[in-house]
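Worksheet: the structure to be examined is printed underneath.
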Amino acid sequence: GAATTTTVKPTTTTSGTNPTGIPAGAITIGNGGKYSTISAALKDTSSNVYYIYAGTYKEKVYVERANVKIYGQTSNKLEYGSNTVTITNSSSAAQAGNNDKSGTFRIGSSATGVALYNLNIANTYGKGAQAIALSVQAGQFGCYACKLTGFQDTLLANKGKQFYGRSYINGATDFVIGQESSIWITKSTIETVASGYITASGRNSDDANYYVIDNSTIKGTGSCYLGRPWREYARVVFQNSNLGSNIVAAGWKNWNDDQPNTAHVFYGEYKNTGAGSWTSNTKRASFATNMSSPISISTVLGSTSWVDSAYM
């Protein structure tokens, strides 16, 4: 159906003493903006910069161009809790045709260098099927102070190098998932909303890619695992993070008993704290590794010249 928009009166945007305002030349969306929907605005290619006024946008968004930057109105650009823009949809993979197409917000395979700031992105389908909030199919992707909410497969981080800083991700089943991506999540909150698995790395060969969750907070309800291997070369590291009591003692799980996928996995942990962290008394899975040093961001992303350093 047609996209609908509910907006509230815009307020002045500031970050500390520096007004963030509307970026120069930005195409504006929402109450007081040029376009009422994000999808309509993206058809206007006169600028690669977009600014969304406060409100709830009930639509599916597909970014197909490289180097697009999208900013949500906020009073504090470093805190996802101050976000005022929500993009929401309910769609399962079965309804949409595949995982990617179920995404509320999709970054297409040619859309390298996209950055999202201060957006809440939700898939409200709920349990029972893959239902993606954010699908990322291109590299040099930056996600800054965004809030991603869903249940199963919330974040499909599928291709290329990706950075998530000062953000929030929730779900229950395999809610950080993907196959050909190298992702760095830092200074973020990952919250489980029911029992399940946080990561499901689909790394299929001995390539250079990692999933690293760094300097973050893992919390929530249910009995949860840090990950299970969607494919045999899953490689995931949690480091310098606080792991809550929702993380079970084993920490990591096989894919299933018929197809464990654990022969070539690397499931690493380094200097985590909290009730769910690996201590001398913890019975961690036999295929987990207690690391002696952390993974660097350059190992995961290579050059970070494209990353907004305010969120690193």
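Numbering-wise, the sequence shown is residues 1 to 312 according to my numbering. Just so you know, even glycine gets a beta-carbon here, dropped at the ideal spot from N, CA and C.
Output the boundary residues of the beta strand (DSSP E) element that contains L116. 115-117
Beta-carbon proximity list for E79, same chain, < 8 Å, skipping 5 on both sides: A145, R166
Which residue marks the beginning of the beta strand (DSSP E) containing S135, and which one marks its end? 134-136
Among all the DSSP beta bridges, which residues are the ones paired with L301? According to DSSP, which records beta bridges pairwise, L301 is partnered with nothing at all.
Which partner residues of S181 appear in the DSSP bridge assignment? G160
Could you give the uninterrupted runs of the alpha helix (DSSP H) lying entirely in the region 34-69, keeping only those of 4 residues or more? 38-42
Residues bridged to V176 [DSSP beta-bridge criterion]: L155, T199
What three-state label does DSSP hand Y80 in the structure shown? helix
W306 beta carbon less than 8 Å from that of G113: yes
Whose CA, out of V85, Q179, S241, V236, lies closest to the CA of T186? S241
For G267 versus V236, is the C-beta distance shorter than 8 Å? Residue identity check: residue 267 is Tyr in the sequence provided, not Gly. Yes.
I'd like to confirm the pairing. Which residues does DSSP put opposite C224 in its beta bridges? G196, I247
With which residues is G72 paired in a DSSP beta bridge? I52
Separation of T84 from V63, as counted between CA atoms: 21 Å
Report buried or exposed for T104, applying the criterion of at least 16 other Cβ atoms within 10 angstroms of its Cβ. buried
Rounded distance between the beta-carbons of S181 and Q162, thought under 8 Å: 6 Å
Thinking just about the alpha-carbon of each residue, which of R228, K253, K58, A41 is nearest to the one in Y71? A41
By the 10 Å Cβ neighbour count, where 16 or more other Cβ atoms means buried, how is S293 classified, buried or exposed? exposed
Within 10 angstroms of the Cβ of Q137, are there 16 or more other Cβ atoms? Answer buried if so, exposed if not. buried
Does K101 come out as helix, strand or coil in the three-state DSSP assignment? helix
If distances are taken between C-alpha atoms only, which option among F151, G160, A194, Q130 comes closest to F141? G160
Taking the alpha-carbon of N158 as reference, which of S195, L148, M312, A200 has the nearest alpha-carbon? A200
Would you give the residue range spanned by the beta strand (DSSP E) that A288 belongs to? 288-290
Apply the 10 Å Cβ neighbour rule to S298 and answer buried if 16 or more other Cβ atoms are within range, or exposed otherwise. exposed
Using a Cβ-Cβ cutoff of less than 6 Å, which residues in the same chain neighbour L148 once the five nearest sequence positions on both sides are dropped? I121, A133, L134, T154, L155, I169
Under three-state DSSP, which class holds Q95? helix
Per the DSSP calculation, Q239 is bridged to which residue(s)? D214, Y270
Count the other CB atoms, across all protein chains shown, that sit within 10 Å of the CB of T17; report buried if there are 16 or more and exposed otherwise. For T17, the predicted structure reports a pLDDT of 34, less than 50, and the residue's modelled location is therefore unreliable. The matter cannot be settled from this model.
Helix, strand or coil, according to DSSP, for Y168 in the structure here? strand
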